[in-house]
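K.L.:
Would you mind keeping the following structure in view while I ask a few things?
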Amino acid sequence: SQQGEEDPQALSIQEGENATMNCSYKTSINNLQWYRQNSGRGLVHLILIRSNEREKHSGRLRVTLDTSKKSSSLLITASRAADTASYFCAMGGGTSYGKLTFGQGTILTVHP
Amino acid sequence: GAVVSQHPSRVICKSGTSVKIECRSLDFQATTMFWYRQFPKQSLMLMATSNEGSKATYEQGVEKDKFLINHASLTLSTLTVTSAHPEDSSFYICSAPRGNSYEQYFGPGTRLTVT
Numbered sequence: 109s110q111q112g113e114e115d116p117q118a119l120s121i122q123e124g125e126n127a128t129m130n131c132s133y134k135t136s137i138n139n140l141q142w143y144r145q146n147s148g149r150g151l152v153h154l155i156l157i158r159s160n161e162r163e164k165h166s167g168r169l170r171v172t173l174d175t176s177k178k179s180s181s182l183l184i185t186a187s188r189a190a191d192t193a194s195y196f197c198a199m200g201g202g203t204s205y206g207k208l209t210f211g212q213g214t215i216l217t218v219h220p
Numbered sequence: 003g004a005v006v007s008q009h010p011s012r013v014i015c016k017s018g019t020s021v022k023i024e025c026r027s028l029d030f031q032a033t034t035m036f037w038y039r040q041f042p043k044q045s046l047m048l049m050a051t052s053n054e055g056s057k058a059t060y061e062q063g064v065e066k067d068k069f070l071i072n073h074a075s076l077t078l079s080t081l082t083v084t085s086a087h088p089e090d091s092s093f094y095i096c097s098a099p100r101g102n103s104y105e106q107y108f109g110p111g112t113r114l115t116v117t
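Protein chains in written order, with my numbering: chain H, 109 to 220; chain U, 3 to 117.
This is the structure we're talking about:
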């Protein structure tokens, strides 16, 4: 499966600041999801946006999707030290239901 | 929320031996499960799709005879790494969708070290 690309690869910010991560992909999608992974752990689902949606909010998270540019962004507002983790976008759909193709990930460090 | 477990969480084995990793959906049935591997500081790479009651579907470049997958029940899929070598050392993670949801529930992962 072809991976998506994420930028930046690493992001270091202070508590209270906003963090923005970007994801680009190459194939058509049915949905795009964002996951969080703490070091050495499994992934936790954060938010899903369908291909016919442009923006979605969940708490301090805001996700946008631009299918014409094949890109998505994840914004975390008012970041906390506990937000420190790796964040992955994952593209779903196409011909295989449930199958996900992951981006390369962004390592976010939030300094207290 | 839906929970997926994996066992063992860590395993160290000698080169040439086989290792079995279990993935269980604890509070839902999963006709499909997915197996990924992740190298340090890298992303997840899909290895195969585990289908209950039928053969697994492997991604290009993944040796099906080396990574045996068995999905014997609606709540259990196993991945057996046969004749393990040091290059098989990795973090193996399984996931399962609940019902018709696109969202995946991930297990906590298994750290395999082959010496």
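Glycine included, each C-beta is placed from N, C-alpha and C at the ideal position.
This one's a predicted model, so the numbers in the text were calculated from it and none came from an experiment.
9 Å is my cut-off, CB to CB: does Val-152 (chain H) come that close to chain U?
P.N.:
As a working mapping, residue 152 (chain H) is identified with position 44 in the first sequence. At least one chain U Cβ lies under 9 Å of Val-152 (chain H).
K.L.:
Going by Cα to Cα distance, which pick from H:Gly-112, H:Met-129, H:Ser-147, H:Gly-124 is closest to Ala-118 (chain H)?
P.N.:
For the purposes of this step, residue 118 (chain H) is taken as residue 10 along the first sequence, with counting starting at 1. Residue H:Met-129 is the option with its Cα nearest to Ala-118 (chain H).
K.L.:
Does Ile-215 (chain H) get closer than 9 Å to chain U when you measure Cβ to Cβ?
P.N.:
For the purposes of this step, residue 215 (chain H) is identified with residue 107 of the first sequence, where counting begins at 1. Taking Cβ atoms only, chain U reaches closer than 9 Å to Ile-215 (chain H), which makes this a yes.
K.L.:
Is there a Cβ of chain U sitting closer than 9 Å to that of Lys-207 (chain H), yes or no?
P.N.:
Residue 207 (chain H) sits at position 99 when you count from the first residue of the first sequence. Yes, Lys-207 (chain H) lies at the interface with chain U (some Cβ there is under 9 Å from its Cβ).
K.L.:
What do you reckon, are the CB atoms on Gln-40 (chain U) and Tyr-94 (chain U) nearer than 9 Å?
P.N.:
Residue numbering aside, residue 40 (chain U) sits at position 38 when the second sequence is read from its first letter. Residue numbering aside, residue 94 (chain U) sits at position 92 when the second sequence is read from its first letter. Contact flag set, yes.
K.L.:
Classify Gln-8 (chain U) as buried or exposed, calling it buried when 16 or more other Cβ atoms lie within 10 Å of its own Cβ.
P.N.:
Numbered from 1 along the second sequence, position 6 holds the residue referred to as residue 8 (chain U). That one is buried.
K.L.:
Between which residues of its own chain and Ser-85 (chain U) is the CB-CB distance below 8 Å, once the five residues before and five after are set aside?
P.N.:
Residue mapping note: residue 85 (chain U) aligns to position 83 of the second sequence, counting from 1. Hits under 8 Å: Gly-18, Thr-19, Ser-20, Lys-68.
K.L.:
Quick one: which residues of the stretch 154-179 of chain H get their C-beta closer than 9 Å to a C-beta of chain U? List them in chain order.
P.N.:
Listed by position along the chain: Leu-156, Arg-158.
K.L.:
Can you give me the start and stop residues for the beta strand (DSSP E) that Pro-188 (chain U) sits inside?
P.N.:
One cannot answer for residue 188 (chain U) here, as it falls past the ends of chain U, which runs 3 to 117.
K.L.:
Taking the alpha carbon of Leu-28 (chain U) as the reference point, which residue from U:Leu-114, U:Pro-110, U:Thr-117 has its own alpha carbon closest?
P.N.:
Within the second sequence, numbered from 1, the residue matching residue 28 (chain U) stands at position 26. Checked all of U:Leu-114, U:Pro-110, U:Thr-117; the closest Cα to Leu-28 (chain U) is U:Pro-110.
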